[in-house]
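Numbering (the numbering used here), first residue to last: 8 to 398.
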(Lines of atoms letter the chains of each structure in order from A and count residues from 1; the text may use other names and numbers.)
(Lines give C-alpha, C1' and ligand atoms only; values in the text may rest on other atoms or scores of the structure.)
Protein backbone atom coordinates (compact mmCIF):
# COMPACT_ATOMS: atom_id res chain seq x y z
CA UNK A 1 0.00 0.00 0.00
CA UNK A 2 1.30 3.48 -0.87
CA UNK A 3 2.05 5.63 2.16
CA UNK A 4 0.29 8.99 2.33
CA UNK A 5 2.75 11.83 1.74
CA UNK A 6 2.20 15.39 3.04
CA UNK A 7 1.70 17.74 0.11
CA UNK A 8 1.16 21.45 0.70
CA UNK A 9 1.45 22.95 -2.80
CA UNK A 10 -1.46 22.17 -5.11
CA UNK A 11 -1.45 23.24 -8.74
CA UNK A 12 -4.97 23.68 -10.09
CA UNK A 13 -5.87 24.24 -13.73
CA UNK A 14 -8.91 26.31 -14.61
CA UNK A 15 -10.78 27.71 -17.59
CA UNK A 16 -11.83 31.40 -17.73
CA UNK A 17 -15.43 30.93 -16.63
CA UNK A 18 -17.61 32.32 -13.88
CA UNK A 19 -17.72 29.01 -12.01
CA UNK A 20 -13.92 29.05 -11.75
CA UNK A 21 -14.66 31.61 -9.04
CA UNK A 22 -14.57 28.96 -6.33
CA UNK A 23 -10.91 27.92 -6.77
CA UNK A 24 -9.94 31.51 -7.63
CA UNK A 25 -11.49 32.85 -4.44
CA UNK A 26 -10.04 29.94 -2.45
CA UNK A 27 -6.61 31.13 -3.57
CA UNK A 28 -7.05 34.90 -3.72
CA UNK A 29 -9.09 35.44 -0.53
CA UNK A 30 -6.86 33.20 1.56
CA UNK A 31 -9.21 30.28 2.21
CA UNK A 32 -6.67 27.78 0.88
CA UNK A 33 -3.91 29.28 3.01
CA UNK A 34 -6.14 29.04 6.09
CA UNK A 35 -6.28 25.29 5.47
CA UNK A 36 -2.52 24.98 5.05
CA UNK A 37 -2.40 24.95 1.25
CA UNK A 38 -0.42 26.90 -1.31
CA UNK A 39 -3.00 26.83 -4.11
CA UNK A 40 -1.35 27.78 -7.41
CA UNK A 41 -3.77 28.52 -10.26
CA UNK A 42 -2.96 27.99 -13.94
CA UNK A 43 -5.36 29.31 -16.59
CA UNK A 44 -5.84 27.01 -19.57
CA UNK A 45 -7.22 27.48 -23.08
CA UNK A 46 -9.25 24.29 -23.59
CA UNK A 47 -10.95 21.55 -21.64
CA UNK A 48 -8.83 18.92 -23.38
CA UNK A 49 -5.71 20.61 -21.99
CA UNK A 50 -7.23 20.62 -18.51
CA UNK A 51 -8.00 16.89 -18.72
CA UNK A 52 -4.64 15.87 -20.16
CA UNK A 53 -2.49 18.00 -17.85
CA UNK A 54 -4.37 16.64 -14.84
CA UNK A 55 -3.90 13.08 -16.12
CA UNK A 56 -0.13 13.38 -16.63
CA UNK A 57 0.52 15.17 -13.35
CA UNK A 58 1.04 18.79 -14.39
CA UNK A 59 -1.89 19.61 -12.09
CA UNK A 60 -2.90 18.03 -8.80
CA UNK A 61 -6.45 19.36 -9.21
CA UNK A 62 -8.65 20.97 -11.82
CA UNK A 63 -11.76 23.02 -12.45
CA UNK A 64 -13.21 20.31 -14.68
CA UNK A 65 -16.27 19.45 -16.75
CA UNK A 66 -18.53 17.25 -14.63
CA UNK A 67 -18.87 14.36 -17.13
CA UNK A 68 -15.09 14.13 -17.68
CA UNK A 69 -14.60 11.97 -14.59
CA UNK A 70 -17.30 9.62 -15.89
CA UNK A 71 -15.65 9.46 -19.31
CA UNK A 72 -12.27 8.74 -17.71
CA UNK A 73 -13.80 5.99 -15.56
CA UNK A 74 -15.14 4.35 -18.74
CA UNK A 75 -11.79 4.55 -20.53
CA UNK A 76 -13.09 7.09 -23.06
CA UNK A 77 -10.23 9.56 -22.57
CA UNK A 78 -6.87 9.45 -24.40
CA UNK A 79 -4.82 8.80 -21.25
CA UNK A 80 -5.64 5.91 -18.93
CA UNK A 81 -5.87 7.87 -15.71
CA UNK A 82 -9.01 7.49 -13.55
CA UNK A 83 -10.35 10.78 -12.22
CA UNK A 84 -12.71 11.49 -9.34
CA UNK A 85 -15.02 14.37 -8.51
CA UNK A 86 -15.23 15.01 -4.75
CA UNK A 87 -17.09 18.33 -5.12
CA UNK A 88 -19.39 20.04 -7.60
CA UNK A 89 -18.43 23.63 -8.39
CA UNK A 90 -21.80 25.06 -9.30
CA UNK A 91 -25.20 24.13 -10.67
CA UNK A 92 -26.34 27.08 -12.73
CA UNK A 93 -24.01 29.07 -14.97
CA UNK A 94 -24.73 27.63 -18.42
CA UNK A 95 -27.01 29.22 -21.01
CA UNK A 96 -27.88 28.93 -24.69
CA UNK A 97 -27.28 31.94 -26.94
CA UNK A 98 -28.19 32.36 -30.62
CA UNK A 99 -27.45 34.95 -33.26
CA UNK A 100 -29.82 37.86 -33.70
CA UNK A 101 -30.69 36.53 -37.17
CA UNK A 102 -31.77 33.19 -35.73
CA UNK A 103 -33.73 34.89 -32.94
CA UNK A 104 -35.63 36.96 -35.51
CA UNK A 105 -36.36 33.79 -37.50
CA UNK A 106 -37.66 32.15 -34.32
CA UNK A 107 -39.93 35.15 -33.70
CA UNK A 108 -41.35 35.05 -37.23
CA UNK A 109 -44.32 33.01 -36.06
CA UNK A 110 -44.71 34.71 -32.70
CA UNK A 111 -43.41 38.23 -32.12
CA UNK A 112 -44.25 37.87 -28.43
CA UNK A 113 -42.01 34.82 -28.01
CA UNK A 114 -40.82 34.57 -24.40
CA UNK A 115 -37.24 33.58 -23.66
CA UNK A 116 -36.37 31.00 -21.00
CA UNK A 117 -39.50 28.97 -21.71
CA UNK A 118 -37.93 25.73 -23.02
CA UNK A 119 -41.15 24.43 -24.58
CA UNK A 120 -42.04 27.62 -26.48
CA UNK A 121 -38.42 28.32 -27.42
CA UNK A 122 -37.97 24.73 -28.60
CA UNK A 123 -41.06 24.93 -30.82
CA UNK A 124 -39.90 28.25 -32.28
CA UNK A 125 -36.43 26.87 -33.00
CA UNK A 126 -37.91 23.79 -34.66
CA UNK A 127 -39.97 26.01 -36.96
CA UNK A 128 -36.93 28.16 -37.78
CA UNK A 129 -34.89 25.06 -38.61
CA UNK A 130 -37.58 23.83 -40.98
CA UNK A 131 -37.69 27.21 -42.69
CA UNK A 132 -33.91 27.53 -43.00
CA UNK A 133 -32.25 26.96 -46.36
CA UNK A 134 -29.21 25.45 -44.65
CA UNK A 135 -28.45 23.25 -41.67
CA UNK A 136 -27.83 25.28 -38.52
CA UNK A 137 -24.79 24.74 -36.30
CA UNK A 138 -24.66 24.91 -32.51
CA UNK A 139 -21.44 24.75 -30.52
CA UNK A 140 -20.71 23.11 -27.19
CA UNK A 141 -17.47 23.16 -25.22
CA UNK A 142 -16.58 19.45 -25.30
CA UNK A 143 -18.19 16.11 -26.25
CA UNK A 144 -18.13 15.04 -22.58
CA UNK A 145 -19.76 18.13 -21.11
CA UNK A 146 -22.99 19.00 -19.35
CA UNK A 147 -23.40 21.62 -22.09
CA UNK A 148 -23.52 18.93 -24.78
CA UNK A 149 -25.99 16.74 -22.90
CA UNK A 150 -28.23 19.62 -21.79
CA UNK A 151 -28.40 21.04 -25.31
CA UNK A 152 -29.08 17.63 -26.85
CA UNK A 153 -31.68 16.77 -24.21
CA UNK A 154 -33.60 19.97 -24.85
CA UNK A 155 -33.33 19.71 -28.65
CA UNK A 156 -34.51 16.10 -28.71
CA UNK A 157 -37.40 16.82 -26.33
CA UNK A 158 -38.39 19.64 -28.71
CA UNK A 159 -38.52 17.28 -31.68
CA UNK A 160 -35.17 18.45 -33.10
CA UNK A 161 -32.70 15.66 -33.92
CA UNK A 162 -29.12 16.52 -32.92
CA UNK A 163 -26.60 15.63 -35.65
CA UNK A 164 -29.46 15.29 -38.16
CA UNK A 165 -31.50 18.49 -38.04
CA UNK A 166 -28.65 20.56 -36.57
CA UNK A 167 -24.89 20.17 -36.43
CA UNK A 168 -23.14 20.09 -33.06
CA UNK A 169 -19.61 21.54 -33.15
CA UNK A 170 -16.92 21.73 -30.45
CA UNK A 171 -15.32 25.06 -29.48
CA UNK A 172 -13.48 26.35 -26.40
CA UNK A 173 -15.63 28.85 -24.45
CA UNK A 174 -13.56 31.99 -25.23
CA UNK A 175 -13.98 31.44 -28.99
CA UNK A 176 -17.75 31.18 -28.99
CA UNK A 177 -18.71 34.87 -29.13
CA UNK A 178 -16.44 35.47 -32.12
CA UNK A 179 -17.69 32.31 -33.83
CA UNK A 180 -21.25 33.59 -33.43
CA UNK A 181 -20.29 37.02 -34.78
CA UNK A 182 -18.55 35.53 -37.82
CA UNK A 183 -21.48 33.28 -38.67
CA UNK A 184 -19.43 30.12 -38.09
CA UNK A 185 -22.10 28.98 -35.62
CA UNK A 186 -25.73 29.96 -35.18
CA UNK A 187 -25.84 29.35 -31.46
CA UNK A 188 -24.01 27.78 -28.56
CA UNK A 189 -24.32 26.42 -25.06
CA UNK A 190 -21.61 27.79 -22.78
CA UNK A 191 -21.02 28.88 -19.22
CA UNK A 192 -21.08 32.49 -18.13
CA UNK A 193 -19.72 35.07 -18.71
CA UNK A 194 -19.43 34.14 -22.40
CA UNK A 195 -23.18 34.43 -23.06
CA UNK A 196 -23.21 37.93 -21.57
CA UNK A 197 -20.02 38.75 -23.47
CA UNK A 198 -21.58 37.69 -26.77
CA UNK A 199 -24.74 39.66 -26.02
CA UNK A 200 -22.82 42.83 -25.20
CA UNK A 201 -20.27 42.68 -28.01
CA UNK A 202 -22.19 41.14 -30.88
CA UNK A 203 -25.91 41.30 -30.10
CA UNK A 204 -26.15 37.61 -29.21
CA UNK A 205 -29.55 36.57 -27.88
CA UNK A 206 -29.69 34.48 -24.71
CA UNK A 207 -32.70 32.22 -25.21
CA UNK A 208 -32.43 29.73 -22.32
CA UNK A 209 -30.63 29.36 -19.03
CA UNK A 210 -29.48 25.95 -17.89
CA UNK A 211 -31.84 25.90 -14.92
CA UNK A 212 -34.76 26.02 -17.34
CA UNK A 213 -33.59 22.65 -18.73
CA UNK A 214 -32.20 20.81 -15.69
CA UNK A 215 -32.37 22.53 -12.32
CA UNK A 216 -29.36 21.96 -10.12
CA UNK A 217 -27.41 19.57 -12.31
CA UNK A 218 -23.63 19.92 -11.91
CA UNK A 219 -21.74 21.65 -14.70
CA UNK A 220 -18.19 21.64 -13.34
CA UNK A 221 -16.50 19.69 -10.59
CA UNK A 222 -13.30 19.67 -8.63
CA UNK A 223 -11.34 17.05 -10.55
CA UNK A 224 -8.57 14.96 -9.01
CA UNK A 225 -6.56 11.96 -10.19
CA UNK A 226 -7.86 8.99 -8.21
CA UNK A 227 -4.37 7.74 -7.35
CA UNK A 228 -3.18 11.16 -6.18
CA UNK A 229 -6.26 11.59 -3.99
CA UNK A 230 -5.72 8.17 -2.41
CA UNK A 231 -2.08 8.99 -1.66
CA UNK A 232 -2.79 12.48 -0.25
CA UNK A 233 -5.90 12.32 1.96
CA UNK A 234 -4.99 15.29 4.16
CA UNK A 235 -4.41 17.78 1.31
CA UNK A 236 -7.60 16.53 -0.38
CA UNK A 237 -9.62 17.19 2.76
CA UNK A 238 -7.99 20.60 3.17
CA UNK A 239 -8.71 21.48 -0.46
CA UNK A 240 -12.39 20.51 -0.24
CA UNK A 241 -12.80 22.53 2.95
CA UNK A 242 -11.10 25.55 1.40
CA UNK A 243 -13.30 25.26 -1.69
CA UNK A 244 -16.43 24.99 0.44
CA UNK A 245 -15.45 28.14 2.33
CA UNK A 246 -14.87 29.86 -1.01
CA UNK A 247 -18.20 28.60 -2.39
CA UNK A 248 -20.05 30.05 0.59
CA UNK A 249 -18.28 33.38 0.09
CA UNK A 250 -19.10 33.39 -3.63
CA UNK A 251 -22.73 32.48 -2.93
CA UNK A 252 -23.24 35.55 -0.73
CA UNK A 253 -24.82 38.27 -2.94
CA UNK A 254 -23.10 40.93 -0.83
CA UNK A 255 -19.78 39.82 -2.31
CA UNK A 256 -20.83 39.99 -5.97
CA UNK A 257 -19.10 43.28 -6.74
CA UNK A 258 -15.80 42.30 -5.13
CA UNK A 259 -16.00 38.88 -6.76
CA UNK A 260 -16.45 40.39 -10.22
CA UNK A 261 -13.46 42.66 -9.66
CA UNK A 262 -11.23 39.75 -8.66
CA UNK A 263 -12.35 37.58 -11.57
CA UNK A 264 -11.77 40.39 -14.07
CA UNK A 265 -8.04 40.36 -13.27
CA UNK A 266 -5.52 39.71 -16.06
CA UNK A 267 -4.40 36.34 -14.65
CA UNK A 268 -7.94 35.20 -13.93
CA UNK A 269 -10.76 35.66 -16.50
CA UNK A 270 -9.28 38.85 -18.02
CA UNK A 271 -12.72 40.11 -19.05
CA UNK A 272 -14.73 43.30 -18.41
CA UNK A 273 -16.35 43.47 -14.99
CA UNK A 274 -19.71 44.21 -16.65
CA UNK A 275 -19.76 40.78 -18.32
CA UNK A 276 -18.85 38.99 -15.10
CA UNK A 277 -21.29 40.77 -12.82
CA UNK A 278 -24.25 40.66 -15.27
CA UNK A 279 -25.64 37.24 -14.21
CA UNK A 280 -25.15 38.17 -10.56
CA UNK A 281 -26.80 41.60 -10.38
CA UNK A 282 -29.70 41.34 -12.86
CA UNK A 283 -28.12 43.24 -15.74
CA UNK A 284 -27.99 40.04 -17.82
CA UNK A 285 -30.76 40.27 -20.41
CA UNK A 286 -32.55 37.47 -22.17
CA UNK A 287 -33.33 37.52 -25.87
CA UNK A 288 -36.69 39.19 -25.28
CA UNK A 289 -35.08 42.00 -23.28
CA UNK A 290 -36.20 40.77 -19.88
CA UNK A 291 -33.47 41.11 -17.23
CA UNK A 292 -32.56 38.01 -15.27
CA UNK A 293 -30.25 37.16 -12.43
CA UNK A 294 -28.85 33.66 -12.15
CA UNK A 295 -28.02 34.47 -8.55
CA UNK A 296 -24.82 33.93 -6.61
CA UNK A 297 -26.19 30.88 -4.81
CA UNK A 298 -27.68 29.55 -8.05
CA UNK A 299 -24.29 29.64 -9.75
CA UNK A 300 -21.93 28.69 -6.93
CA UNK A 301 -23.99 26.65 -4.49
CA UNK A 302 -22.29 27.08 -1.14
CA UNK A 303 -23.58 23.93 0.58
CA UNK A 304 -25.35 20.77 -0.53
CA UNK A 305 -25.63 22.23 -4.04
CA UNK A 306 -21.92 21.35 -4.22
CA UNK A 307 -22.57 17.68 -3.43
CA UNK A 308 -21.12 15.40 -6.17
CA UNK A 309 -24.18 13.21 -6.54
CA UNK A 310 -23.69 9.72 -8.06
CA UNK A 311 -27.20 10.14 -9.47
CA UNK A 312 -25.88 12.98 -11.61
CA UNK A 313 -22.94 10.84 -12.75
CA UNK A 314 -25.37 8.13 -13.81
CA UNK A 315 -27.49 10.62 -15.73
CA UNK A 316 -24.39 11.70 -17.63
CA UNK A 317 -23.70 8.02 -18.35
CA UNK A 318 -27.26 7.63 -19.66
CA UNK A 319 -26.66 10.44 -22.13
CA UNK A 320 -23.30 9.02 -23.20
CA UNK A 321 -25.09 5.77 -24.01
CA UNK A 322 -27.99 7.58 -25.67
CA UNK A 323 -25.71 9.48 -28.05
CA UNK A 324 -23.43 6.56 -28.89
CA UNK A 325 -20.40 7.53 -26.81
CA UNK A 326 -20.54 4.54 -24.45
CA UNK A 327 -22.10 1.10 -24.14
CA UNK A 328 -24.50 -0.08 -21.46
CA UNK A 329 -23.05 -2.57 -18.99
CA UNK A 330 -23.11 -3.23 -15.24
CA UNK A 331 -19.41 -2.35 -15.15
CA UNK A 332 -20.07 1.02 -16.81
CA UNK A 333 -22.74 1.81 -14.23
CA UNK A 334 -20.45 0.89 -11.33
CA UNK A 335 -17.52 2.87 -12.71
CA UNK A 336 -19.58 5.96 -13.49
CA UNK A 337 -21.16 5.95 -10.05
CA UNK A 338 -17.79 5.57 -8.33
CA UNK A 339 -16.29 8.54 -10.19
CA UNK A 340 -18.39 10.97 -8.10
CA UNK A 341 -17.29 10.64 -4.47
CA UNK A 342 -19.84 12.19 -2.10
CA UNK A 343 -18.26 10.59 0.98
CA UNK A 344 -15.20 12.83 0.68
CA UNK A 345 -17.45 15.88 0.38
CA UNK A 346 -19.78 14.91 3.20
CA UNK A 347 -16.85 14.33 5.54
CA UNK A 348 -16.08 18.03 5.10
CA UNK A 349 -19.63 19.39 4.88
CA UNK A 350 -21.36 17.15 7.47
CA UNK A 351 -25.06 17.83 6.71
CA UNK A 352 -27.79 15.58 8.01
CA UNK A 353 -27.83 12.31 6.08
CA UNK A 354 -31.44 12.81 5.06
CA UNK A 355 -30.68 16.28 3.68
CA UNK A 356 -27.91 14.90 1.47
CA UNK A 357 -30.17 12.13 0.18
CA UNK A 358 -32.95 14.62 -0.58
CA UNK A 359 -30.55 16.90 -2.44
CA UNK A 360 -29.35 14.01 -4.60
CA UNK A 361 -32.87 12.77 -5.31
CA UNK A 362 -34.05 16.26 -6.29
CA UNK A 363 -31.80 16.13 -9.35
CA UNK A 364 -33.68 13.14 -10.76
CA UNK A 365 -36.97 15.04 -11.14
CA UNK A 366 -35.66 18.45 -12.15
CA UNK A 367 -35.95 18.21 -15.95
CA UNK A 368 -38.12 20.64 -17.89
CA UNK A 369 -40.15 17.93 -19.64
CA UNK A 370 -41.16 16.35 -16.30
CA UNK A 371 -39.64 13.00 -17.26
CA UNK A 372 -38.05 11.65 -14.08
CA UNK A 373 -34.73 9.83 -14.10
CA UNK A 374 -34.54 6.67 -12.00
CA UNK A 375 -30.88 5.64 -11.72
CA UNK A 376 -31.98 2.15 -10.66
CA UNK A 377 -33.67 1.60 -14.04
CA UNK A 378 -31.05 3.28 -16.20
CA UNK A 379 -31.35 0.79 -19.07
CA UNK A 380 -35.10 1.35 -19.36
CA UNK A 381 -34.61 5.12 -19.18
CA UNK A 382 -32.13 5.08 -22.07
CA UNK A 383 -34.28 2.67 -24.07
CA UNK A 384 -37.25 5.02 -23.76
CA UNK A 385 -35.18 7.97 -24.91
CA UNK A 386 -33.67 6.18 -27.89
CA UNK A 387 -37.11 4.94 -28.93
CA UNK A 388 -38.41 8.51 -28.94
CA UNK A 389 -35.29 9.68 -30.79
CA UNK A 390 -36.01 7.19 -33.59
CA UNK A 391 -39.73 7.93 -33.80
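Virtual Cβ for every residue (Gly too), placed ideally from N, Cα, C.
- Secondary structure at residue 197: strand, using DSSP grouped into helix, strand and coil.
- The C-beta of residue 318 has 16 or more other C-beta atoms within 10 Å across all chains shown, which makes the residue buried.
- In the DSSP assignment, residue 111 falls outside any beta strand (DSSP E) and lies within the alpha helix (DSSP H) extending over 107 to 113.
- In the three-state DSSP reduction, residue 366 falls in the helix class (H, G or I).
- By a beta-carbon distance limit of 8 Å, residue 16 does not contact residue 58. Their separation comes to about 21 Å.
- Between residue 260 and residue 199, the C-beta spacing is not below 7 Å.
- Judged by DSSP secondary structure, residue 70 falls within the beta strand (DSSP E) whose first and last residues are 68 to 72.
- In terms of Cα proximity to residue 151, the closest of 263, 253, 78 and 382 is 78.
- Three or more beta-carbon pairs separated by less than 8 Å are not found between the stretch 225 to 243 and the stretch 122 to 133, which leaves the two stretches without contact.
- By the Cβ rule, the stretch 204 to 219 counts as touching the stretch 178 to 196, because three or more pairs are nearer than 8 Å.
- Per DSSP, the unbroken alpha helix (DSSP H) holding residue 264 starts and ends at 263 to 270.
- When 50, 211, 255 and 374 are compared, the shortest CA-CA separation from residue 185 is found for 211.
- Contact between residue 66 and residue 253 does not hold, since the beta-carbon distance rounds to 18 Å and is not under 8 Å.
- Counting the other CB atoms within 10 Å of its CB gives residue 29 a total of 16 or more, which places it among the buried residues.
- Separation of residue 172 and residue 235 (C-alpha to C-alpha, rounded to the nearest whole angstrom) is 43 Å.
- By the CB criterion at 7 Å, residue 348 and residue 91 fall inside the cutoff.
- Excluding sequence positions up to five before and after residue 370, its CB lies within less than 7 Å of the CB of 223, 224, 316, 318 and 319, all in the same chain and listed in chain order.
- Beta bridge pairing from DSSP links residue 291 with 299.
- The three-state reading of DSSP puts residue 167 in coil, since its state is none of H, G, I, E or B.
- Counted as a single uninterrupted DSSP element, the beta strand (DSSP E) harbouring residue 174 occupies residues 173 to 177.
- Taking all protein chains shown into account, residue 63 has fewer than 16 neighbouring C-beta atoms within 10 Å of its C-beta and is therefore exposed.
- With three or more CB-CB distances shorter than 8 Å, the stretch 323 to 332 counts as touching the stretch 146 to 163.
- Note that the C-beta distance between residue 248 and residue 42 is below 7 Å.
- According to the DSSP secondary-structure assignment, residue 45 is paired through a beta bridge with 16.
- Unbroken alpha helix (DSSP H) stretches of 4 residues or longer found wholly inside the stretch 191 to 253: 201 to 209 and 233 to 238, given in chain order.
- Within the same chain, and ignoring the five residues on either side of residue 335 in sequence, the residues whose Cβ sits closer than 7 Å to its Cβ are 328, 386 and 389.
- By a beta-carbon distance limit of 8 Å, residue 197 contacts residue 101. Their separation comes to about 7 Å.
- Boundaries around residue 94 are those of the beta strand (DSSP E), 90 to 95, since no alpha helix (DSSP H) includes it.
- Exclusion of the five residues before and after residue 113 leaves 105, 120, 128, 131, 132, 134, 135 and 214 as the residues of its chain whose Cβ lies within less than 8 Å of its Cβ.
- Straight across, the Cα-Cα distance linking residue 188 with residue 268 is about 27 Å.
- In the DSSP assignment, residue 188 falls within the alpha helix (DSSP H) that extends over 183 to 189.
- Looking from the CA of residue 97, the closest CA among 160, 168, 72 and 364 belongs to 72.
- For residue 144, the enclosing beta strand (DSSP E) stretches over residues 143 to 147.
- Residue 344 sits buried, since 16 or more C-beta atoms from the chains shown fall within 10 Å of its C-beta.
- Membership of residue 318 in the alpha helix (DSSP H) is indicated by the continuous run 317 to 329.
- Residue burial annotation: residue 142 is exposed, with fewer than 16 other C-beta atoms found within 10 angstroms of its C-beta.
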